[in-house]
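Q: Could you have a look at this structure, given as structure tokens, before my questions?
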Ligand SMILES: N[C@@H](CCC(=O)N[C@@H](CS)C(=O)NCC(=O)O)C(=O)O
């Protein structure tokens with residue numbers, strides 16, 4: 049029996065961490081099914097804990113020869129997919145470029161807390177831009193610099209950050225959506241990259257499902 053992949057994700061409109069491995073999984077071309085756990089509900093934690101001891105989404109379940117492996121954490125899932133689908137080229141071939149792409153992915157994974165807090169992912173909505181603190185402005189400036197550098201070196205002429213679509217693009221996908229949701233002004237090269245990212249069929253499919261959630265009345269509970 050073929051290997052089975054099941055991706056467990058959170059509410060699509062909000063779950064930025066879930067979007068990352070979804071983009072990677074789509075880039076592999078593998079067949080997979082999805083389980084969506086609604087975030088911010090009283091039963092959310094218990095439902096996630098039933099899937100993964102870490103108690104967070106995303107989670108990837110890989111079932112092969114009757115044995116299921118649970119991979120949790122967005123970056124670990126992307127790494128596992130890169131391992132299992134070398135032909136998808138999820139990391140650049142050249143070791144120097146790969147080292148840089150890994151640095152970009154890791155910087156996103158462990159950083160940009162001010163941006164993430166002030167501009168939460170709301171992929172299916174456009175929202176007024178809040179007053180941006182110096183910390184948020186610094187996060188945006190760093191991301192714009194990093195993307196400009198990568199795009200200038202590797203992603204000119206319609207490419208992605210490191211030329212071919214990679215885990216670095218997956219990790220920054222939710223930042224692209226935030227820049228659009230909150231109408232952040234961007235230099236031309238970065239703006240064009242965001243347009244290419246939003247046009248990916250995988251991004252469009254995610255957006256369509258998120259729009260359905262919003263049309264269905266999705267709301268964060270009042271604190
Ligand atoms: N570092 C983790 C972060 C995952 C994370 O914070 N997921 C959020 C949803 S986007 C979550 O599971 N929240 C549910 C909860 O904490 O109850 C990763 O990269 O996967």
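In the numbering used here, the protein residues as written are 49 to 271.
Ideal placement from N, C-alpha and C gives every residue a C-beta, glycine not left out.
The structure presented is a predicted model; accordingly, all values stated were derived computationally and were not measured.
Might you give, ordered along the chain, the residues of its own chain that have their beta carbon closer than 6 angstroms to the beta carbon of residue 133, omitting 5 neighbours on each side?
A: Along the chain shown, read from residue 1 onward, the residue named residue 133 stands at position 85. Excluding five sequence positions before and after residue 133, the CB atoms of its chain that fall closer than 6 angstroms to its own CB belong to 76, given in chain order.
Q: Helix, strand or coil for residue 53 per DSSP?
A: Here residue 53 is taken as the residue at index 5 of the chain shown, counted from 1. The answer is strand: DSSP assigns residue 53 an E or B state.
Q: Measuring alpha carbon to alpha carbon, tell me which of 188, 241, 146 ends up nearest residue 203.
A: The count along the chain shown starts at 1 and reaches residue 203 at position 155. The residue with the shortest Cα to Cα distance from residue 203 is 241.
Q: To the nearest angstrom, how far is the alpha carbon of residue 197 from that of residue 187?
A: Numbered from its first residue, the chain shown carries residue 197 at position 149. Numbered from its first residue, the chain shown carries residue 187 at position 139. If I take the Cα positions, the gap works out to 15 angstroms.
Q: Between the beta-carbon of residue 55 and the beta-carbon of residue 66, is there less than 9 angstroms?
A: On the chain shown, residue 55 is found 7 positions in, with the first residue counted as 1. On the chain shown, residue 66 is found 18 positions in, with the first residue counted as 1. Cβ atoms of residue 55 and residue 66: closer than 9 angstroms.
Q: Applying the 10 Å Cβ sphere with the 16-neighbour rule, what's the burial state of residue 211?
A: Residue mapping note: residue 211 aligns to position 163 of the chain shown, counting from 1. Flag for residue 211 reads buried.
Q: Thinking residue 250 and residue 70 are a contact (beta carbons under 8 angstroms), I'd like their distance in whole angstroms, please.
A: Position 202 of the chain shown, counted from the first residue, corresponds to residue 250. Position 22 of the chain shown, counted from the first residue, corresponds to residue 70. About 7 angstroms; that satisfies the 8 angstroms criterion.
Q: Measuring from the CB of residue 232, is there a heavy atom of ligand 1 at a distance below 8 angstroms?
A: Taking the first residue of the chain shown as 1, we reach residue 232 at position 184. Checking every heavy atom of ligand 1 against the Cβ of residue 232, none is found closer than 8 angstroms.
Q: At the level of alpha carbons, what is the spacing between residue 178 and residue 112?
A: Counting from one through the chain shown, the residue named residue 178 turns up at place 130. Counting from one through the chain shown, the residue named residue 112 turns up at place 64. Answer to the nearest angstrom: the Cα atoms are 47 angstroms apart.
Q: Counting along the chain, where does the beta strand (DSSP E) carrying residue 127 start and finish?
A: Counting from one through the chain shown, the residue named residue 127 turns up at place 79. First-last for residue 127: 122-132, but that is the alpha helix (DSSP H), not the beta strand (DSSP E).
Q: For residue 50, count the other beta carbons within 10 Å of its own beta carbon; 16 or more makes it buried, fewer makes it exposed. Which is it?
A: Within the chain shown, the letter at position 2 stands for residue 50. Residue environment: residue 50 is assigned as exposed (fewer than 16 neighbouring CB atoms within 10 Å of its CB, all protein chains considered).
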